[in-house]
């Protein structure tokens, strides 16, 4: 069969990409004066001073810079802008994007096995990344590079090995590329506990209102929007200190109120599924939104849990997410129709299986990184459930019974691990229940406020 021809020309592709591109990305700073800081030249100067130190070949044992700050404060933007201006190449560690060898393609019996494989290979993958970087350093000794660890999720049980790798890298007498580790507020404890010695810190504060107004006034006219004081105050009230959230809220509010449904924006496509609009089929939504199906899948995966009030409904939906992800990951020849149909399967699961949706209200859109939500897997030796501490609006007490399918599970909340575990005294009841319907683990981000977010959407 001859390969299908791509009927879109380059100009049409550009329009489609612009249609679904986030404004936070489209209008990202390209000069120092556009950076989202009150003293716009101070932080760039501080970062450049640290670069001068860590790039000094004689300054061994101090080659790690940790950048801390609230969500959406411009940490990554600062690094990428300075590196672009100063011609510093960035080598970014991204475990989710590691290439799976051909011998591993059908090694896993299920998607759950693949997720276990990912967790067990996090440290070897990072070690391999650092080793390749060292080889590159030898080959490009006269060029400046940095290794970027940007808000990476450290799997449970890997913390000690992770810090040992960084420690060994930091104390090597050989010249190596500096590491820039950008952390979110939930990871501050790692640095505050002095898990790594000999590091530099750069603290970024939340974006002040004056800077937010400056950004809105810069972007608004380019999108044909009249930015009034009322509009700015309303946007900033919902996005205090978070410039990325502000930008995506600005974009979504504008696009969702446009009233044009001949084509869907990325946010409208997400909203139609999560709010179960049923105005059109998932396949049609993918077609008219002109958005990358994989991006739709990742964002739906990250946000769906906020739209469920029944554990059983959500557990059934997650099963279809697992199937879709396996189909996408091992899709044959990256066939566009196959991938789109795979994503449509998970979209249809949300629309049809969520029988107990919450009241229609405002929700904060979380960015589509699957690594912040680990998919479920069966552990018959020590089964337990792990959900957010609040479900259906009530706090989990010391002892609680959760309805799962047609049975009830006695559980106990463990604050130290943020888990609900099956109570030991009910092991026999647990065993009988497991024979009918195995309980599977679902691990969520420890961030109770779901801070992995870069936009908002509203129901119409």
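Numbering (my numbering), first residue to last: 2 to 461.
Ideal Cβ placement from N, Cα and C applies to all residues, glycine included.
I'd like to confirm the pairing. Which residues does DSSP put opposite residue i in its beta bridges?
i	result
residue 201	66
residue 182	67, 150
residue 91	147
Measure the CB-CB distance between residue i and residue j and report whether it falls below 8 angstroms.
i	j	result
residue 236	residue 217	yes
residue 351	residue 294	no
residue 49	residue 177	no
residue 79	residue 66	no
residue 33	residue 42	yes
residue 249	residue 275	no
residue 286	residue 348	yes
residue 126	residue 96	yes
residue 167	residue 68	no
residue 197	residue 164	yes
residue 290	residue 322	no
residue 131	residue 75	no
residue 144	residue 190	no
residue 220	residue 28	yes
From residue i to residue j, what distance separates their C-alpha atoms?
i	j	result
residue 213	residue 244	7 angstroms
residue 253	residue 24	10 angstroms
residue 169	residue 315	43 angstroms
residue 309	residue 326	20 angstroms
residue 342	residue 297	12 angstroms
residue 38	residue 30	11 angstroms
residue 355	residue 345	16 angstroms
residue 140	residue 57	18 angstroms
residue 118	residue 146	Any reading at residue 118 must be qualified, since the residue scores a pLDDT of 47, below 50, and its modelled position is unreliable; no value is offered.
residue 82	residue 206	18 angstroms
residue 238	residue 73	15 angstroms
residue 93	residue 188	19 angstroms
residue 71	residue 317	35 angstroms
residue 123	residue 281	40 angstroms
residue 270	residue 233	26 angstroms
residue 312	residue 353	15 angstroms
residue 230	residue 210	12 angstroms
residue 159	residue 228	47 angstroms
residue 392	residue 277	Residue placement at residue 392 is flagged as unreliable, the pLDDT there being 38, under the threshold of 50; the coordinate-derived value follows with that caveat. Roughly 20 angstroms between the two C-alpha positions.
residue 251	residue 208	16 angstroms
residue 174	residue 136	15 angstroms
residue 157	residue 224	43 angstroms
residue 302	residue 279	19 angstroms
residue 172	residue 134	16 angstroms
residue 357	residue 273	17 angstroms
residue 222	residue 129	46 angstroms
residue 300	residue 22	14 angstroms
Could you tell me the boundaries of the alpha helix (DSSP H) in which residue i lies?
i	result
residue 314	312–330
residue 86	76–86
residue 211	210–223
residue 155	From DSSP, residue 155 is part of no alpha helix (DSSP H); its letter is neither H nor E.
residue 228	From DSSP, residue 228 is part of no alpha helix (DSSP H); its letter is neither H nor E.
residue 345	337–354
residue 269	267–275
residue 162	160–172
residue 297	294–304
residue 51	43–55
residue 1	Look at the range of the chain in this structure, 2 to 461, and you will see that residue 1 is not part of it.
residue 25	24–27
Check whether the Cβ of residue i lies closer than 7 angstroms to any heavy atom of the ligand GDP, and answer yes or no.
i	result
residue 324	Only the bare structure without any ligand can be found here, which leaves the ligand GDP out of the picture.
Please tell me whether residue i has its Cβ less than 8 angstroms away from any Cβ of chain B.
i	result
residue 131	Going by chain labels, chain B is absent from the structure shown, which holds only one protein chain.
Quick test of the definition: if touching needs 3 or more C-beta pairs under 8 angstroms, does the stretch 148–164 touch the stretch 178–187?
yes
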